[in-house]
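Shown next, in structure tokens, is the structure this report addresses.
There are 4 protein chains.
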Amino acid sequence: MSVAPLRGGQARMDELLTTTLDVLKETGYERLTIDEVVSRVHASKATVYRRWPSKSALVVAAFVHAVSHLPAEYDTGSLRGDLLAGMDDLLNEMERLADVMAGLIDEKRRNEELATALREGFLDTRRQVAAGAFARARERGEIAPDADVEMLWQIAPALVMFRWLMMGESVPREEGHRLVDEVVLPLARAGRPVSAPATPPPPPPPRRRAPPSS
Amino acid sequence: MSVAPLRGGQARMDELLTTTLDVLKETGYERLTIDEVVSRVHASKATVYRRWPSKSALVVAAFVHAVSHLPAEYDTGSLRGDLLAGMDDLLNEMERLADVMAGLIDEKRRNEELATALREGFLDTRRQVAAGAFARARERGEIAPDADVEMLWQIAPALVMFRWLMMGESVPREEGHRLVDEVVLPLARAGRPVSAPATPPPPPPPRRRAPPSS
Amino acid sequence: MSVAPLRGGQARMDELLTTTLDVLKETGYERLTIDEVVSRVHASKATVYRRWPSKSALVVAAFVHAVSHLPAEYDTGSLRGDLLAGMDDLLNEMERLADVMAGLIDEKRRNEELATALREGFLDTRRQVAAGAFARARERGEIAPDADVEMLWQIAPALVMFRWLMMGESVPREEGHRLVDEVVLPLARAGRPVSAPATPPPPPPPRRRAPPSS
Amino acid sequence: MSVAPLRGGQARMDELLTTTLDVLKETGYERLTIDEVVSRVHASKATVYRRWPSKSALVVAAFVHAVSHLPAEYDTGSLRGDLLAGMDDLLNEMERLADVMAGLIDEKRRNEELATALREGFLDTRRQVAAGAFARARERGEIAPDADVEMLWQIAPALVMFRWLMMGESVPREEGHRLVDEVVLPLARAGRPVSAPATPPPPPPPRRRAPPSS
DNA sequence: TCATAAGCGAGACGGTACGTCGTGTCTTACG
DNA sequence: CGTAAGACACGACGTACCGTCTCGCTTATGA
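Residue numbers (the working numbering), protein chains in the order written: chain G, 95 to 308; chain D, 95 to 308; chain Y, 95 to 308; chain V, 95 to 308.
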């Protein structure tokens, strides 16, 4: 769906992409209009369609553009410092991109490139930040050797995005830090629980039907 | 934007709403068309617009319809049993509604009724299931008295929805159970950490700019 | 290229067609815009495209509509009276349609329906008017029995259209009448010349080339 | 709108003009595309627009180029010979230009230069050929002194163009010669009719309305 | 001899119109 | 009266062409 940038006009491309992102934030994917975007930068529709074959491709490119920076790396000397730094970065990114992401989650189901952009441009960054921090912490003996890093890295983005996208609330810095101190760090230090309780899992509950059929 | 059901035709309404949900799952909010819905049930557009004033109202109603059942309540006698039962219910609901939710997250930003439906019909159910379970567990002394219930209940839905909507993966039952056993239960039992480390939080990291401007 | 008229809205169709004809007269085929037409009658493009598949089809229909009346028939009792009446009718029609025709002559080359409309709706009317007049005149003995009717009927429209379309002048009534009196009537009365001069036709002249190649 | 030939590249100009004429014949004015023309001669749009300021100017120039040769003059010694020679020339020109003319009649209404080109490059040639022939014939006493030359010269082009452009038929040489022998020559020899019949012209017929309103 | 200029191809660009499609309103005819 | 059918005004989409423009490349001349 993406298109090799034209020879000239790199500046024009950036302008189009950042403007697209602005409009996206303001109005959401559905209400975004190509005409609105081009009129803001005094361009013409052809200039857009010469680069991207459709509205959705334009929007995807704008998102890719927005998340295409080098993954952050923090080495503050302590696990807590690293995680707090990563959390601050996450919160900044969400502030910038939460509205845009909301408009793209549906599109992502049908657009492999967008899915890749989200994964590689955003999620992998979170994973790498956390993975690096945990690796250094393990060498320093700060955490249990069997800590489940693959689960741990997801906790912060999952909860932050849940709050932004599902609950519709922003997440203040202190909340994010509490999340690190009261959830991530304790779990990392404790490692996996000694043994999963032997009680067999209960039978699956009866499936619900959509309408309150009773 | 809300529903004014006509006297007759309750069955017709259900048919329209469930069909709307089907189309929504298949094609997403943006690509859903009223004509597609009505042609599937051999109805006419007027029949839809007599009941709901817009496409978004129809879709909201379909979602409300889908989540409008009594909140589940599980009392299995143990916290773990309750949480696992709640997790199974959550996983079932996600299986049924993940695609639909993806299509509505953007619309929710502009549609208060949809936001309410999501909150009351879906999230509050999760909260109540967990809150009840934790309350009983505290009475039984199974968990620390200062366990942060408001944070704890969010962990399961946040991580499950993160996996479904962000990572694009479904969550198998065993994974859900591991989440209960290795994250929720340990945190509940431990309660809040003795004291937040006294180290002052690091200064906020420099904000990133969108393009790799270096 | 034509389309069965929709059930309702015959009035709307007429309105669209006459407005199309107006715009056509004012601006010519090339500069005519669907948006201009629909905005004049407060219609929408879809209303046009529901009936006619393209701009050219609309314009053709407007022309067909404009020439779709019963062929005139004049029986004034004398050949001269009949021809003058036919001439007046021709001049009226040209006044009404000359600008339109100018815009359609090119399109006619590619549009069989338009060609048919021009032939049957306009030219055949001329032929029939003249043919009837000459037939009655021959019975009355007013003209030579061997008068070449197939050539005679063409003279009036050919010269009038030549003046309108090629020379860009309108033809006043007196000029038209002079044409009848000084060209058509004399030729009709004289019949074919006694014998074609026996001189063999000269050899065809050398073909010219486009550029003044000398 | 007129031509300002660049210093070099006369050959290029000819190439462009003749190619334009070709495309014009094939597709008509409206469908002619600058891109089509330049791609056929491996030129670029700038090369066209450096010479002619618009599509219509290019097309006009192509037509002017096509009709810009010295007016023919035939002096065969007899009126009939002159007229037949002129007719052959006319038929040749129509063969070459009928399609092009069809595409330009509409444009001519709005383009004074094109109107001039048609008049001076094509029509005046016909007029001069005929006028010369008739002048010599009058001196020789071959025609009536009061023959209406201004009307006579138009008959041949009017009828030939009528056949080509309105009826959509080509005109074979014999038909053209018949036209000379049976129409033009008899009228020229007879001169104006002795007296216009005294019958007053009939009242103008009722104007027709566009739709068959009865 | 080489530099300065000019025409050239290529094609991006701002516009404008096209023809299509979906929304939400409305009318018509049927049961 | 509710409904199926579908016409309608509106407005966005994605395409095509016009006329302008900038870019290098080539060529052709003049210092």
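Idealized CB from N, CA, C, for every residue including glycine.
For G/LEU208, return the contacting residues in chain D, with the cut-off set at a CB-CB distance below 8 Å.
-> Position 114 of the first sequence, counted from the first residue, corresponds to residue 208 of chain G. Within chain D, no residue comes near G/LEU208; the closest Cβ sits about 11 Å away, beyond 8 Å.
Along the alpha helix (DSSP H) that carries G/ASP218, what are the first and last residues, could you check?
-> For the purposes of this step, residue 218 of chain G is taken as residue 124 along the first sequence, with counting starting at 1. Looking at the DSSP string, the run of the alpha helix (DSSP H) that includes G/ASP218 is 218 to 234.
Since G/VAL153 contacts G/LEU126 with CB under 8 Å, what's their CB separation in whole angstroms?
-> Counted from its first residue, the first sequence places residue 153 of chain G at position 59. Counted from its first residue, the first sequence places residue 126 of chain G at position 32. Taking a contact as a CB-CB distance under 8 Å, the pair G/VAL153 and G/LEU126 counts as one, their CB atoms being some 7 Å apart.
So, does the CB of V/ALA231 fall closer than 7 Å to a CB anywhere in chain Y?
-> Working through the fourth sequence from its first residue, we reach residue 231 of chain V at position 137. No, its Cβ sits nowhere closer than 7 Å to a Cβ of chain Y.
Residues near Y/THR114 in its chain [Cβ-Cβ closer than 7 Å; skip 5 each side] = For the purposes of this step, residue 114 of chain Y is taken as residue 20 along the third sequence, with counting starting at 1. Contacts found: VAL131, LEU152, VAL153, ALA156.
Considering G/PRO147, what are the terminal residues of the alpha helix (DSSP H) in which it resides?
-> Here residue 147 of chain G is taken as the residue at index 53 of the first sequence, counted from 1. First-last for G/PRO147: undefined, no H or E at that position.
Would you list, in sequence order, the uninterrupted alpha helix (DSSP H) runs of no fewer than 4 residues that lie entirely inside the stretch 145 to 202 of chain D?
-> Whole alpha helix (DSSP H) segments, 4+ residues: 149 to 161.
8 Å contact criterion, which G/LEU118 and D/MET260 should meet: CB distance rounded = Here residue 118 of chain G corresponds to residue number 24 of the first sequence, with the count starting at 1. Here residue 260 of chain D corresponds to residue number 166 of the second sequence, with the count starting at 1. Their Cβ separation, rounded to whole angstroms, is 18 Å, which puts G/LEU118 and D/MET260 out of contact at 8 Å.
If you follow the alpha helix (DSSP H) that V/ASP116 is part of, which residue opens it and which one closes it?
-> As a position in the fourth sequence, residue 116 of chain V is number 22, starting the count at 1. In this chain, the alpha helix (DSSP H) harbouring V/ASP116 covers 104 to 125.
What did DSSP end up calling G/PRO239 once you bin it into helix, strand or coil?
-> Sequence index remark: in the first sequence, residue 239 of chain G carries index 145 (1-based). Reduced to three states, the DSSP call for G/PRO239 is coil.
Simplified DSSP state of G/MET261, which is helix, strand or coil | Locating residue 261 of chain G in the first sequence gives position 167, counting from the first residue. Here G/MET261 sits in coil by DSSP.
In chain order, what residues of the stretch 212 to 224 of chain D put their CB closer than 9 Å to some CB of chain G?
-> Residues LEU212, ARG213, PHE216, LEU217.
In whole angstroms, what separates the C-alpha of D/GLY235 from that of G/GLU167?
-> Locating residue 235 of chain D in the second sequence gives position 141, counting from the first residue. Locating residue 167 of chain G in the first sequence gives position 73, counting from the first residue. Whole-angstrom Cα-Cα distance: 42 Å.
D/ARG204 burial status per 10 Å Cβ neighbour count (16 or more: buried) | The residue labelled residue 204 of chain D in the question sits at position 110 within the second sequence. It counts as exposed.
Reducing DSSP to helix, strand and coil, say where V/ALA334 ends up.
-> Because chain V is modelled from 95 through 308, residue 334 of chain V falls outside the range shown and cannot be assessed.
Just tell me which of V/TYR123, V/ALA192, V/SER133 has its CA closest to the CA of V/VAL161.
-> Taking the fourth sequence and counting its residues from 1, one reaches residue 161 of chain V at position 67. Checked all of V/TYR123, V/ALA192, V/SER133; the closest Cα to V/VAL161 is V/ALA192.
Name the two residues that bound the continuous alpha helix (DSSP H) containing D/ARG213.
-> Looking up residue 213 of chain D in the second sequence gives position 119. Per DSSP, D/ARG213 is not a residue of any alpha helix (DSSP H), being assigned neither H nor E.
Does the pairing of the stretch 269 to 278 of chain V with the stretch 223 to 232 of chain Y give three or more beta-carbon distances under 8 Å?
-> Result no; under three Cβ-Cβ pairs closer than 8 Å.
Is the CB of D/ALA304 under 7 Å away from at least one CB in chain G?
-> For the purposes of this step, residue 304 of chain D is identified with residue 210 of the second sequence, where counting begins at 1. Only weak support exists for where D/ALA304 lies, its pLDDT of 45 falling under 50; the coordinates are left without a value.
Using a Cβ-Cβ distance under 7 Å, would Y/ARG256 count as near chain V?
-> Sequence index remark: in the third sequence, residue 256 of chain Y carries index 162 (1-based). According to the sequence displayed, residue 256 of chain Y carries Phe and not Arg. For Y/PHE256, the answer is yes, since a Cβ of chain V falls inside 7 Å of its Cβ.
Coil, strand or helix - Y/ARG272 by DSSP = Working through the third sequence from its first residue, we reach residue 272 of chain Y at position 178. Helix at Y/ARG272.
Under the three-state DSSP convention, the category D/SER138 falls into | Locating residue 138 of chain D in the second sequence gives position 44, counting from the first residue. Looking at D/SER138 - three-state DSSP - the assignment turns out to be coil, as it is neither helix nor strand.
Can a CB atom of chain Y be found closer than 7 Å to the CB of V/ILE199?
-> In the fourth sequence, residue 199 of chain V corresponds to position 105, counting from 1. For V/ILE199, the answer is yes, since a Cβ of chain Y falls inside 7 Å of its Cβ.
Do we get a CB-CB distance below 7 Å when we pair V/GLY235 with the residues of chain Y?
-> The sequence position of residue 235 of chain V within the fourth sequence is 141, counting from 1. No, no contact with chain Y.
Cβ neighbour criterion (16 or more within 10 Å) applied to G/ALA140 = Against the first sequence, residue 140 of chain G aligns to sequence position 46. Of the other Cβ atoms in all chains shown, fewer than 16 fall within 10 Å of the Cβ of G/ALA140; this residue is therefore exposed.
Taking Cβ positions only, does Y/ALA151 come closer than 7 Å to chain V?
-> Start at 1 with the first residue of the third sequence, and residue 151 of chain Y comes out as number 57. Answer no: the Cβ-Cβ gap between Y/ALA151 and chain V never drops below 7 Å.
Kindly list, in the order they appear in chain D, the residues whose Cβ is closer than 7 Å to that of G/ALA252.
-> Mapped onto the first sequence, residue 252 of chain G falls at position 158. Per Cβ cutoff of 7 Å: ALA252, LEU253, PHE256.
By the 10 Å Cβ neighbour count, where 16 or more other Cβ atoms means buried, how is Y/HIS136 classified, buried or exposed?
-> Translated into positions along the third sequence, residue 136 of chain Y becomes position 42. Answer is exposed; the Cβ neighbour count stays below 16.
For the alpha helix (DSSP H) that contains V/ARG286, what are its first and last residues?
-> In the fourth sequence, the residue the question calls residue 286 of chain V occupies position 192. Note, V/ARG286: premise wrong, no alpha helix (DSSP H); not H, not E.
D/GLU201 and D/LEU212 look like a contact to me (Cβ under 8 Å); what is the Cβ gap, rounded to whole Å?
-> Counting from 1 along the second sequence, the entry for residue 201 of chain D is found at position 107. Counting from 1 along the second sequence, the entry for residue 212 of chain D is found at position 118. Not really, about 10 Å apart at Cβ, beyond 8 Å.
Cβ distance (whole Å) where V/ARG286 is taken to contact V/ILE237 below 8 Å = Position 192 of the fourth sequence, counted from the first residue, corresponds to residue 286 of chain V. Position 143 of the fourth sequence, counted from the first residue, corresponds to residue 237 of chain V. Incorrect: roughly 12 Å between the Cβ atoms, too far for contact.
Taking DSSP as the reference, what is the three-state secondary structure of Y/LEU100?
-> Stepping through the third sequence from its first residue, residue 100 of chain Y is reached at position 6. Low confidence applies to Y/LEU100: its pLDDT is 47, below 50, so where it sits in the model is not reliable enough to give any reading.
Reference D/GLY171, options D/PRO280, D/ALA252, D/ARG230, closest by Cα = Mapped onto the second sequence, residue 171 of chain D falls at position 77. Answer by Cα proximity: D/ARG230.
May I have the straight-line CA-CA distance separating V/GLY180 from Y/TRP258, to the nearest angstrom?
-> As a first step, residue 180 of chain V is located in the fourth sequence; it is residue number 86 there, counting from the start. As a first step, residue 258 of chain Y is located in the third sequence; it is residue number 164 there, counting from the start. For V/GLY180 and Y/TRP258, the distance between alpha carbons rounds to 23 Å.
Alpha carbon of V/LEU164 to alpha carbon of Y/LEU173, nearest angstrom = As a position in the fourth sequence, residue 164 of chain V is number 70, starting the count at 1. As a position in the third sequence, residue 173 of chain Y is number 79, starting the count at 1. Those two C-alpha atoms are separated by around 44 Å.
V/PRO147 CB to nearest chain Y CB: under 7 Å?
-> Your numbering for residue 147 of chain V matches position 53 in the fourth sequence. For V/PRO147, the answer is no, since every Cβ of chain Y falls outside 7 Å of its Cβ.
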